[in-house]
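Student: Numbering of the sequence shown is given in the numbering used here, commencing with residue 50 and proceeding in unit increments. Each residue gets a CB set at the ideal place from its N, CA and C atoms; glycine is no exception. It should be emphasised that the depicted structure is a prediction, and the values quoted were computed from it without experimental measurement.
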Amino acid sequence: MKRLLLIIFFLIFFFSPVWAQENLEKSLLWEIKGKGLKTPSYLLGTFHMVCVEDLRLTDKVVNAIEVVDQIALEVNLTDPQEMSDLQQLMFATTSLSSQLNKEEQKELRELLKKQYNLDLATVDYLAPIGLLGLMAMKAIPCEVKGYDMEVMEEGLRKNRSIIGLEQFKDQIEITSAFYTAKEILAQLKVEDDFEANYKLMARAFQEEDLVSLYESATDPQFLSAEGKLKLLDERNIQWVAKMEVLMSKQPTLFAVGAGHLAGNQGVIQLLRNLGFTVTAVLN
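In structure tokens, the structure reads:
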């Protein structure tokens, strides 16, 4: 159950696509200055599912944690209520099968049995993101940990306060709205492509190659146009408004999914539009 929850967290927060910026430097960490800030804040792109053997914080990230007063994650993972909410929201009040015609139900039943040895009745009332989590569990065979979890733990060791930019319940509602049963069925049909796409993104993250990562994350095979709008633009705008207030009070490290950093409506560009200077930290 713990591994499934981690993977669901990854699905909610990583598949938030962006349009790649060709001139974006290879870095996950960005410094935010200007517009009256007395002390810089930082923006860090994270990956919510990293194989444990590949997980480490670079010196530049550790240094950023040293010089800020607080860390803002997408969701405050130190809040027990958030994890409790996530477990409860894994289940839906409307069944998947009721959203499909008889032919689609048959197809879903056969795919679940063939690929996961599961009966439809077992997962019929899972929230869509829960079923996608099962797909991801098969695609990610290694022992995993969230990069943002590692950042949080390092921050706690250094007595930094931890806050969240949003709540799980809001994002579960968003994903459930556009990940319909028909969308789930379509995703099950391209399971092998899903696994290959994840590997491409994981490699790009390790190389701090945001452009390559975005090319994979924006593949329309895995996310609809509505998903792009809901998971990216609207959330980024809300976050940046909160970030501006938080930075004005104390230096903060904002650790959010790397899929939010670039693009015309990405966090980097939105901050620049507000008058902040945002530059890559290369070492």
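Among Gly324, Leu310, Ala307, Leu104, whose alpha-carbon lies nearest the alpha-carbon of Glu203?
Tutor: The candidate whose alpha carbon is nearest that of Glu203 is Leu104.
Student: If I follow the unbroken beta strand (DSSP E) through Ser210, where does it start and stop?
Tutor: Element bounds for Ser210: 210–213.
Student: Using a threshold of 8 angstroms, state whether the C-beta atoms of Thr127 and Met201 are closer than that.
Tutor: For Thr127 and Met201, yes; Cβs fall inside 8 angstroms.
Student: What does the alpha-carbon distance come out to for the pair Leu73 and Thr95?
Tutor: Rounded to whole angstroms, Leu73 to Thr95 spans 16 angstroms at the Cα level.
Student: Which full runs of the alpha helix (DSSP H) of 4+ residues lie inside the segment 183–254, going along the chain?
Tutor: The qualifying runs are 196–206, 217–227, 230–238.
Student: DSSP three-state label for Ala311, please.
Tutor: Note: Ala311 maps to coil in three-state DSSP.
Student: Looking at the secondary structure, which residues open and close the alpha helix (DSSP H) in which Val111 lies?
Tutor: Element bounds for Val111: 108–116.
Student: Looking only at DSSP bridge pairs, what is Trp79 linked to?
Tutor: DSSP output for Trp79 lists Leu92, Ala329 as bridge partner(s).
Student: For Phe303 and Asp108, I'd like the C-alpha separation in whole angstroms.
Tutor: If you take the alpha carbons of Phe303 and Asp108, they lie about 17 angstroms apart.
Student: Is it buried or exposed, Gly265, if we count other Cβ atoms within 10 angstroms and call 16 or more buried?
Tutor: The displayed chain sequence assigns Ser, not Gly, to residue 265. Label assigned to Ser265: buried.
Student: Starting from Thr301 and walking both ways along the beta strand (DSSP E), at which residues does that stretch end?
Tutor: First-last of the beta strand (DSSP E) with Thr301: 301–306.
Student: Give me, in chain order, the residues of the same chain whose beta-carbon lies closer than 8 angstroms to that of Leu93; leave out the 5 immediate sequence neighbours on both sides.
Tutor: For Leu93, where only same-chain residues beyond five positions count, the Cβ hits under 8 angstroms are Leu77, Leu78, Trp79, Val110, Ala113, Val200, Leu302, Phe303, Ala304, Val305.
Student: Mind checking whether Ile335 and Ser146 have CB atoms under 8 angstroms apart?
Tutor: Any answer about residue 335 is impossible in this case: the structure gives the chain only from 50 up to 332.
Student: Cα-Cα, which of Glu293, His309, Leu262 is closest to Pro89?
Tutor: When only C-alpha atoms are compared, the closest one is Glu293.
Student: Evaluate Lys279 with the Cβ neighbour count: other Cβ atoms within 10 Å of its Cβ, from every protein chain shown; 16 or more gives buried, anything less gives exposed.
Tutor: Counting Cβ neighbours within 10 Å, Lys279 comes out buried, since at least 16 surround it.
Student: Terminal residues of the continuous alpha helix (DSSP H) containing Gln318?
Tutor: Element bounds for Gln318: 316–322.
Student: How should Asp241 be labelled, buried or exposed, when 16 other C-beta atoms within 10 angstroms of its C-beta is the threshold for buried?
Tutor: Burial call: exposed.
Student: Run the CB neighbour count on Phe140, radius 10 Å, all protein chains shown included, and call it buried at 16 or more, exposed below.
Tutor: Result: exposed.
Student: According to the neighbour-count rule (16 or more other Cβ atoms, all chains shown, within 10 Å of its Cβ), is Leu205 buried or exposed?
Tutor: Leu205 should be labelled exposed.
Student: Alpha carbon to alpha carbon, what distance is there between Ile120 and Ala290?
Tutor: About 16 angstroms.
Student: Please classify Ala290: does DSSP put it in a helix, a strand, or coil?
Tutor: Residue state, collapsed to three classes: helix.
Student: Taking the straight line between their C-alpha atoms, what separation do you get for Met296 and Ile81?
Tutor: Met296 and Ile81: Cα-Cα distance of roughly 9 angstroms.
Student: Taking the beta strand (DSSP E) that Ala121 belongs to, which residues open and close that run?
Tutor: Segment 119–122, the beta strand (DSSP E) holding Ala121.
Student: Report the three-state DSSP secondary structure of Ser147 (helix, strand or coil).
Tutor: Note: Ser147 maps to helix in three-state DSSP.
Student: Measuring alpha carbon to alpha carbon, tell me which residue in Cys100, Gly312, Ala311 is nearest Ala188.
Tutor: Minimum Cα distance to Ala188 is reached at Cys100.
Student: Cα separation between Val341 and Gln314?
Tutor: No answer is possible for residue 341: it lies beyond the span of the chain, which begins at 50 and ends at 332.
Student: Would you decide whether Gly85 is buried or exposed? Buried here means 16 or more other CB atoms lie within 10 Å of its CB.
Tutor: Classification of Gly85: exposed, given that the 10 Å Cβ count is below 16.
Student: From Leu157 to Leu181, what does the alpha carbon distance come to, in whole angstroms?
Tutor: The alpha-carbon atoms of Leu157 and Leu181 are separated by roughly 13 angstroms.
Student: So which of Cys191, Phe227, Leu323 has the shortest CA-CA distance to Ala251?
Tutor: Checked all of Cys191, Phe227, Leu323; the closest Cα to Ala251 is Cys191.
Student: Taking its Cβ as the centre, do 16 or more other Cβ atoms sit within 10 Å of Val116, making it buried, or is it exposed?
Tutor: It is exposed - the Cβ of Val116 has fewer than 16 other Cβ atoms within 10 Å.
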